[in-house]
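S.K.: Below you'll find the structure I mean.
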Amino acid sequence: MSALGVAYIIIVFGLAGFFACRARARLLEQRGQKMHSLPLYYGWWAFFVTSAPALLFLLIWTISSDLYLERRAFSHLAAQNAAAQNAASAVAGVAASGAAPAQSAGFGLEKAVLSDLVKNLPALGGNIADYAQASYASVRKKLLTAKNIALVENGRNYMLPLAVEWLETRRILQKTGGAAAIILAAFAFVGSFYYVRPAFRARNKVERVIISTLFLASLLAIATTIGIVLSMLFQTVHFFESVSPRAFFFGTVWDPRFSTAAGEAGATGRFGLVPLLAGTLYIALVAMIVAVPVGLFAAIYMAEYASPGLRSVIKPLLEILAGIPTIVYGFFALMTIGPFLRDISAALAGGQSFIQAQSVLTAGLVMGIMLIPFVSSLSDDIITAVPRALRDGSYGLGATQSETVKKVVLPAALPGIVAALLLAASRAIGETMIVVLAAGVAANISFNPFAPMTTITVKIVNQLTGDLEFDSPQTLVAFALGMTLFVLTLLMNIFALYIVRKYREHYE
Amino acid sequence: MTAKYAAVKPKRVKMRGENVTVFYGNKQALHGVTLDIAANKVTALIGPSGCGKSTFLRCLNRMNDTIEGARVEGVITLDGEDIYAPDIDVVELRARVGMVFQRPNPFPKSIYDNVAYGPRIHGLTKNRAELDEIVEKSLKSAGLFDEVKDRLHDAGTGLSGGQQQRLCIARAIAVSPEVILMDEPCSALDPIATARIEELIDDLRKNYTIAIVTHSMQQAARVSQYTAMFHLGSLVEMGETKIIFTSPKERRTQDYITGRFG
Ligand SMILES: Nc1ncnc2c1ncn2[C@@H]1O[C@H](COP(=O)(O)OP(=O)(O)OP(=O)(O)O)[C@@H](O)[C@H]1O
Ligand SMILES: [Mg+2]
Chain Y
73 MSALGVAYII IVFGLAGFFA CRARARLLEQ RGQKMHSLPL YYGWWAFFVT SAPALLFLLI
133 WTISSDLYLE RRAFSHLAAQ NAAAQNAASA VAGVAASGAA PAQSAGFGLE KAVLSDLVKN
193 LPALGGNIAD YAQASYASVR KKLLTAKNIA LVENGRNYML PLAVEWLETR RILQKTGGAA
253 AIILAAFAFV GSFYYVRPAF RARNKVERVI ISTLFLASLL AIATTIGIVL SMLFQTVHFF
313 ESVSPRAFFF GTVWDPRFST AAGEAGATGR FGLVPLLAGT LYIALVAMIV AVPVGLFAAI
373 YMAEYASPGL RSVIKPLLEI LAGIPTIVYG FFALMTIGPF LRDISAALAG GQSFIQAQSV
433 LTAGLVMGIM LIPFVSSLSD DIITAVPRAL RDGSYGLGAT QSETVKKVVL PAALPGIVAA
493 LLLAASRAIG ETMIVVLAAG VAANISFNPF APMTTITVKI VNQLTGDLEF DSPQTLVAFA
553 LGMTLFVLTL LMNIFALYIV RKYREHYE
Chain X
19 MTAKYAAVKP KRVKMRGENV TVFYGNKQAL HGVTLDIAAN KVTALIGPSG CGKSTFLRCL
79 NRMNDTIEGA RVEGVITLDG EDIYAPDIDV VELRARVGMV FQRPNPFPKS IYDNVAYGPR
139 IHGLTKNRAE LDEIVEKSLK SAGLFDEVKD RLHDAGTGLS GGQQQRLCIA RAIAVSPEVI
199 LMDEPCSALD PIATARIEEL IDDLRKNYTI AIVTHSMQQA ARVSQYTAMF HLGSLVEMGE
259 TKIIFTSPKE RRTQDYITGR FG
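Protein chains in written order, with the working numbering: chain Y, 73 to 580; chain X, 19 to 280.
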């Protein structure tokens, strides 16, 4: 039985515990006992006591037995692999002079082949032990013809006994673990009756369980974030082993391909961040120049002047704009805005267009359009949240509506608005699709907004697509770039939060 | 509905409401109220919750205009001039008829800027020195100057509730209004702060006409010269405070003042 099946059984035990203990609590109540909590809480506590430890045990058992099996099989595989190598070199007459070629270059691949075999072998059904003596080629053929599963060709025959042993042991371990978990649940089920007594504070216990569950959920979110950051960090450190941080952070040339061709690691300037950072910030700046005034004015109009009817139409419409996938904006830039700007500049200059179809301006403009609903929706919420009493105070002194907005409402809303703008800016910095399509992939340093430039995110995609080798600086640089971007947006978000916190007391 | 106020003829009438009727959407909040506000006197508006005191007060400087769906009928005059006439500038009117609200609502600005707000938007001063002078004078008349003179540029929101309310009064005085409307100005304050504001109101009476809504009978008796009693959106009776409090004509007034309903 699979671990999932065992989990179902445990939950059934838990439910049984729930109903049994609730019924018992009711019974005690009817007999005139003064129970501390409502019967329901005794039920929930029993459910928790019965199922949680058993499920936890099952989880840990499954994970650790898998890890154990994998390790064992791989160490056997290493031995087999080394023996085969030795034999091969002996045949070839090469002096195997004691130097153990412990793990050949292809060993990583062999591990993958074995894992794949283990994954697919059960599909053949029947008694798995029968395949221990079969040849890899025959098993592969059988899987291909019968199940349409293709394994790699160059597996070794000695993998089959390993795979069979792996699967057999796994079956035994699963059985033992499952049985143990079920027995645990059964004992806990019986034991949970112990808790159904008047003095037991089931209600408080259930509260604890709920708090722990909520806490675990938030812990999970944080742990994931930390995990992501750590994995990026390791690769980044790895990257800086072959390229000096100075060359990365201060290099002005982005040309990752040449350094392998020349074979010299850490050649200065080739992984230069500067052109990408410049492009990122430049395009984000143009986007903000477009989005901030338009978004803010739209927000002020919606919050202060629009009638409720109009507002109820405009706001959802703007939010639809926010829901359009960015690739569609990129498309719009590529097909409409880019050519339009090019043609108009050609018309203005009389023939020669000075705006290229892919340019900082095109990308910034379209990204700005993308950010308008973001800015206006957030700012609208913030402006509406300014207390009515402040507006009344201003009107009561004889201020007009626009004076009130300018001198009272906006200053009161300013910290929130600044925070919203910083969030918008960090979105602009992280945006990829629009830039790929609208500003191109050429890493230039230029102040000409009509020329193409590119951004950090685009280059990350660039470095991670195609044939990958995860230990070359060409690929690893993507992690360094990602880390840079992460730190950049993190700092902006922290700054935004700081501003909001600092000025919040103004609202009371 | 007419003759109830006629029992008193204040010497000089600053504002007069005639047959004032107010609707919020379909809901009628005031039913033809006719009421005089005497010049350089304090007029107290009393009555049980929801009877339309605030509504009437807000009509006097057209704050009801800012409420969606509010509609005012009848005639309200300031020095004999109809304030709902089409050629009246609301903004100017509100500079002449200032308002202090129930909860202190200082702007999130410095104490100085709070008081300077009105003079600035109305362009009352030509230079900084004049502005400084107005700010100081207003803070003094609000009895706040001595407490804040060393921190005029600190946030107004950092003051205590009572100080904030006096700041709001200073802010209203700074535009030199003729009338000051106060809607339960002490309801968020402790007895000591309340006593200070009451003193202040008594002082202000020399230069301003004041209308105040209050739920405290003692306060009405202490600070006002005239009292108007509202009930269910109508004026029950209006008269000199000492007469209203000692020998009201209406049973409902008697009951309300002695705490039998409301
Ligand atoms: N903005 C509004 N929209 C709809 N109805 C309102 C509004 N403001 C007041 N009303 C209604 O008008 C009536 C009078 O309200 P008003 O605020 O003038 O009473 P009040 O005498 O000031 O009461 P309180 O002493 O509780 O402040 C009440 O029934 C109230 O529900
Ligand atoms: Mg009121």
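Glycine included, every Cβ here is placed at the ideal spot set by N, Cα and C.
For N225 (chain X), which residues in chain Y fall below 9 Å Cβ to Cβ?
M.R.: Those do not exist, as N225 (chain X) stays about 18 Å from chain Y at its closest Cβ, beyond 9 Å.
S.K.: Within 7 Å (strictly less), CB to CB, does N82 (chain X) reach chain Y?
M.R.: no
S.K.: Starting from A190 (chain X), find everything on chain Y with Cβ-Cβ shorter than 8 Å and list it in chain order.
M.R.: G468 and L469
S.K.: Note down, in chain order, every chain C residue with its Cβ under 7 Å from the Cβ of V385 (chain Y).
M.R.: Within the model displayed, chain C is absent; protein chains Y and X are what it includes.
S.K.: Would I427 (chain Y) and L413 (chain Y) be called neighbours here (beta carbons separated by less than 7 Å)?
M.R.: yes
S.K.: Tell me the rounded alpha-carbon separation between V115 (chain X) and R240 (chain X).
M.R.: 23 Å
S.K.: I want to know whether the region 438-454 of chain Y touches the region 52-61 of chain X - three or more CB-CB distances under 8 Å.
M.R.: The region 438-454 of chain Y vs the region 52-61 of chain X: no contact.
S.K.: Any residue with its Cβ nearer than 7 Å to a heavy atom of ligand 2 should be included. What is that list in chain order?
M.R.: So the residues near ligand 2 by this Cβ test are X:K71, X:S72, X:Q120, X:D201, X:E202 and X:V231.
S.K.: Pair every Cβ in the region 475-488 of chain Y with every Cβ in the region 406-426 of chain Y, then say whether three or more of these pairs are closer than 8 Å.
M.R.: no
S.K.: Per DSSP, what are the beta-bridge partners of L53 (chain X) in this structure?
M.R.: X:G35
S.K.: Does any CB atom of chain X fall closer than 7 Å to the CB of L286 (chain Y)?
M.R.: Closer than 7 Å: no.
S.K.: Take the Cβ of G423 (chain Y) as the centre, count every other Cβ of all protein chains shown within 10 Å, and call the residue buried at 16 or more, exposed below.
M.R.: Counting the other Cβ atoms within 10 Å of the Cβ of G423 (chain Y) gives fewer than 16, which makes it exposed.
S.K.: Give the secondary structure of L110 (chain Y) by DSSP, where H, G and I count as helix, E and B as strand, and everything else as coil.
M.R.: coil
S.K.: Would you decide whether I355 (chain Y) is buried or exposed? Buried here means 16 or more other CB atoms lie within 10 Å of its CB.
M.R.: buried
S.K.: Flag P126 (chain X) as yes if its beta-carbon sits less than 7 Å from any beta-carbon of chain Y, otherwise no.
M.R.: yes
S.K.: Anything in chain X within Cβ reach of D464 (chain Y), meaning under 9 Å, just list it in chain order.
M.R.: M81, T84, M117, F119 and N123
S.K.: What number of angstroms, rounded off, separates the C-alpha of S169 (chain Y) from the C-alpha of A162 (chain Y)?
M.R.: In this prediction, S169 (chain Y) scores a pLDDT of 46, lower than 50, which makes its location untrustworthy; the coordinate-derived value is nonetheless stated afterwards. The straight-line gap from Cα to Cα measures roughly 10 Å.
S.K.: From the DSSP output, in three-state form, read off A271 (chain Y) for me.
M.R.: coil
S.K.: Of all the CB atoms in chain Y, is at least one closer than 7 Å to the CB of A24 (chain X)?
M.R.: Annotation note: pLDDT 44 at A24 (chain X) (below 50); position unreliable, no value reported.
S.K.: Rounded to the nearest angstrom, how far is the Cβ of S448 (chain Y) from that of A568 (chain Y), given a contact under 8 Å?
M.R.: With 8 Å as the limit, S448 (chain Y) and A568 (chain Y) do not qualify as a contact, their Cβ atoms being about 17 Å apart.
S.K.: With C-beta atoms as the reference, is P124 (chain X) less than 7 Å away from Q182 (chain X)?
M.R.: yes
S.K.: Does the beta carbon of V477 (chain Y) come closer than 7 Å to any beta carbon on chain X?
M.R.: False, the Cβ-Cβ gap to chain X never drops below 7 Å.
S.K.: Looking only at its chain, what residues have a beta carbon closer than 8 Å to the beta carbon of A113 (chain X), apart from the 5 residues adjacent to it on each side?
M.R.: G136, H140, V193 and P195
S.K.: Of the residues that make up the region 159-193 of chain X, which ones have a beta carbon closer than 9 Å to any beta carbon in chain Y?
M.R.: Listed in sequence order: A173, T175, G176, C186, R189, A190, A192 and V193.
S.K.: From the DSSP output, in three-state form, read off A337 (chain Y) for me.
M.R.: Note that A337 (chain Y) scores a pLDDT of 47, beneath 50, so its modelled location is shaky; the value from the coordinates is reported in the next line. Coil at A337 (chain Y), not helix or strand.
S.K.: Name, in chain order, the residues that DSSP records as bridge partners for W72 (chain Y).
M.R.: The structure shown does not extend to residue 72 (chain Y), since chain Y is modelled only from 73 to 580, so the question has no answer here.
S.K.: So, for L462 (chain Y): in the same chain, excluding its five sequence neighbours on each side, which residues have a beta-carbon less than 8 Å away from its beta-carbon?
M.R.: V480, V481 and A484
S.K.: Run down chain Y in chain order and give the residues with a C-beta less than 9 Å from the C-beta of R112 (chain X).
M.R.: Y467, G468, L469, G470 and A471
S.K.: Residues of chain X with a CB under 9 Å from the CB of V480 (chain Y): which are they?
M.R.: F125, P126, K127 and Y135
S.K.: Just grab the DSSP bridge partners of D100 (chain X) for me.
M.R.: X:T95
S.K.: According to DSSP, is S331 (chain Y) helix, strand or coil?
M.R.: Per-residue confidence for S331 (chain Y) stands at a pLDDT of 44, beneath the threshold of 50, marking its modelled position as unreliable; no derived number is given.
S.K.: Identify the contact partners of I152 (chain X) in chain Y, using a Cβ-Cβ distance below 9 Å as the criterion.
M.R.: Neighbours of I152 (chain X) on chain Y: none; closest Cβ ~13 Å, over 9 Å.
S.K.: DSSP three-state call for D452 (chain Y): helix, strand or coil?
M.R.: helix
S.K.: Whose C-beta lies closer than 7 Å to the C-beta of T134 (chain Y) among residues of the same chain, with five residues either side of it excluded?
M.R.: A75 and G249
S.K.: Which residues in chain Y sit within 9 Å of V231 (chain X), going by Cβ to Cβ distance?
M.R.: Neighbours of V231 (chain X) on chain Y: none; closest Cβ ~14 Å, over 9 Å.
S.K.: Take A204 (chain Y) as the anchor and find which of Y:R275, Y:R228, Y:K183 and Y:L112 has the nearest alpha-carbon.
M.R.: Y:R228
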